[in-house]
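J.: Got a structure here, written out as C-alpha cells. Questions coming.
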Amino acid sequence: MNVSDQTVVDAAAAKTSVRYRVLWLCVALYAITYMDRVCIYAAMPIIAKEFSFDKLTQGLIFSAFAWGYSSLQVPSGWLVDRIGPRRMLSGIVLWWSAFTMFTVSAWNLTSFVVIRFLFGAGEAGAFPSATRAFSRWLATSERGFAQGVTHSGSRLAGALTHGVVAALIVIWGWRMPFLLFGIVGIIWAAVWFFWYHDCPEDHRAVSASELRWINDGKTVAQKKSVLSWKKLLGRPNMWYVCVMYFCYGYVLWIFLSWLPTYFAEVRGFSLVKSGVYTMIPLLAGTITNSLGGWLSDRLYVKTGDLRYSRRLVAIGGFSVAVVFVTLGVLAPDPTLAVLAMSLAVGGLELTTGVSWAVPLDIGQDHSGTVSSVMNMFGNWGGAISPLLVAWLVQRFHSWTPAFILASFLCLVAGLLWFKIDPTQSVVEESRV
C-alpha cells in the first residue's frame, strides 16, 4: 500500500481528533509569542521619544530579546526532551508573561535591555517544546501543515499586534498593551497544564484508531533513539539546516523590527498608517506559512518523496523573496513598495513550515533538541539583524544596502536547500 492509499484508509478510520486540539492550542501559543515580542516594535516610536533613544539604542533593545532567545535555545530543547512539553511550556509561558508585564516598569536603556533579554530567555523554549509535542501527537503526513499553521498563527498575531497596539497607545498609552498581553499568556499556561498530556496514549479522549493514525499505522512501538552531540554537530545535514535558518532569521527580523520605522521614515506614513501597512506583509506571511506546510505534505502524500516535497516548496519561497525584497526597496511608489514587501514576506514565509518540519523528520524523539539548534542559529541572525540594519542605515544614509543584503541572504538560503536532506536522520536507533 502506498502513502496515498494508507492515508485514505487511516483517515477514514480515525474517529477522534484530539491531536487537532493540541495543534490549535499550539497555534494560540505561537500567536501569544508574537503578540508579546512584536508589541515593543509597534510601541518603539513612542518609547523612543519618551526616553530619547536613537536608532542604535533601539537596535540594542531589539537585539537584547534575540540574544536571550537564542542563548537558551539549546538548553530549552534539551530540557523539553527530558521533562516533556506539559511542564516545560506551562513554566516558560508564565515566565515570559511576567516579563512582558515588567516592561512597563523599565526606566532607562539598561532596564529595557535586561527585561527584554530575560523575556527572550523565557520564549526560547516555546517553538522547540511545541515541535517536541508534535513529534508524539502528529503523523508524518501532517507535520508540515502543523508547522505552517502554527507559524501562521504567530504571523497573524504579529500583523494584528501592530495595528492593535497603535490603537491602544492612542487610547491608553504604550504601557497598557504589555499588561494585557501578559494576562493572556497566564491564562494559556493554566489551560495547557490542566488539559494537555505529553503522550497521546495517556489522554482519555484519544481513540485507538486515532492513535494508529498518529503512529502512521504502526502497531508496535518504535525503537528508541539516542542523540550524540558529537555526531549531531558532525552531520553536514545539520549545518546546512542551521545556516539556512540563520539567513531566514536575519531577513525575517528586518520585517518584524524595522518595517514600521522604514514605512514612517522613507515612505512618509504616520504612526497609525505605518502600523496598518506593516500588517499587510505579515498577513501575506500568515497565508503562505500554512500554504507552504500544507503543500509540502500534499506533495509527500502524492509522491512518497519527502526530499522532493520539502525542497521544492522551500526553494520556490526563497526565490520569490530574492526578487521582491529588492523590488520593494527600489520601488518609487509607496503603494508598490508595500505590495512588493508583502510578496517578499509571503515568499519568505512559504519556507517556514517546511523548515520546522525538517527537525521532526531528522530528529525523531530528539526533535526538541534538533529544532532548538536550528532556531538558535535563526535567532543569532535575528540578534545581528536589528543592529546591523541600524548601522547600515546610519552609515550609508539609506535603507537600500540593508535590503539588498537581505535579498542576498535569501539567495544563499535557497541554494542550501539543494543540500538539505529531510530523509537523513541525525540520531541513531538504540542498540539496547
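Each residue of the sequence shown is one higher than the one before, counting from 813 in our numbering. A virtual CB, placed ideally from N, CA and C, is assigned to each residue, including glycine.
1. Taking DSSP as the reference, what is the three-state secondary structure of K1030?
2. Buried or exposed, going by whether 16 or more other CB atoms sit within 10 Å of the CB of Q885?
3. If you count every other CB in all the chains shown that lies within 10 Å of the CB of F1230, and 16 or more means buried, which is it?
4. Once DSSP output is grouped into helix, strand and coil, what is the label at T819?
5. Tell me whether the beta-carbon of Y1008 lies closer than 8 Å to the beta-carbon of V834.
6. With a cut-off of 8 Å on the beta carbons, I'd call G932 and Y881 a contact; round off their distance for me.
7. Would you identify the three-state DSSP class for C1011, choosing helix, strand or coil?
8. Hey, out of V925, L1095, L1139 and I1026, whose CA is closest to T828's CA?
9. For F993 versus T912, is the C-beta distance shorter than 8 Å?
10. Nearest to A978 by CA position, among S1154, S1184, M847 and T1164, is which residue?
11. From the DSSP output, in three-state form, read off Q885 for me.
12. If you draw a straight line from the C-alpha of S836 to the C-alpha of S1086, how long is it?
13. With H, G and I counted as helix, E and B as strand and the rest as coil, what does DSSP make of S1121?
14. Do A1202 and L868 have their C-beta atoms closer together than 8 Å?
15. Within 10 angstroms of its Cβ, does A1017 collect 16 or more other Cβ (buried), or is it exposed?
16. If you draw a straight line from the alpha carbon of V1055 to that of G1080, how long is it in whole angstroms?
17. Assuming contact is defined by CB atoms lying nearer than 8 Å, are G1116 and G956 in contact in what I supplied?
18. By a C-beta neighbour count over all protein chains shown, 10 Å radius and 16 as the cutoff for buried, is N1187 buried or exposed?
T.: Let me lay it out:
1. Per-residue confidence for K1030 stands at a pLDDT of 48, beneath the threshold of 50, marking its modelled position as unreliable; the derived number appears in the next sentence. Of the three classes helix, strand and coil, the one that applies to K1030 here is coil, per DSSP.
2. buried
3. exposed
4. For T819, the predicted model reports a pLDDT of 49, less than 50, meaning its position is unreliable; a value from the coordinates is still stated below. In the structure shown, T819 sits in a helix (DSSP, three-state: H, G or I).
5. In this structure, V834 lies closer than 8 Å to Y1008 by Cβ.
6. 4 Å
7. coil
8. I1026
9. yes
10. M847
11. helix
12. Residue identity differs from the one stated: residue 836 is Trp in this sequence, not Ser. Going by the C-alpha atoms only, they are around 30 Å apart.
13. helix
14. yes
15. A1017 counts as exposed, since fewer than 16 other C-beta atoms from the protein chains shown sit within 10 angstroms of its C-beta.
16. V1055 and G1080: Cα-Cα distance of roughly 35 Å.
17. no
18. buried
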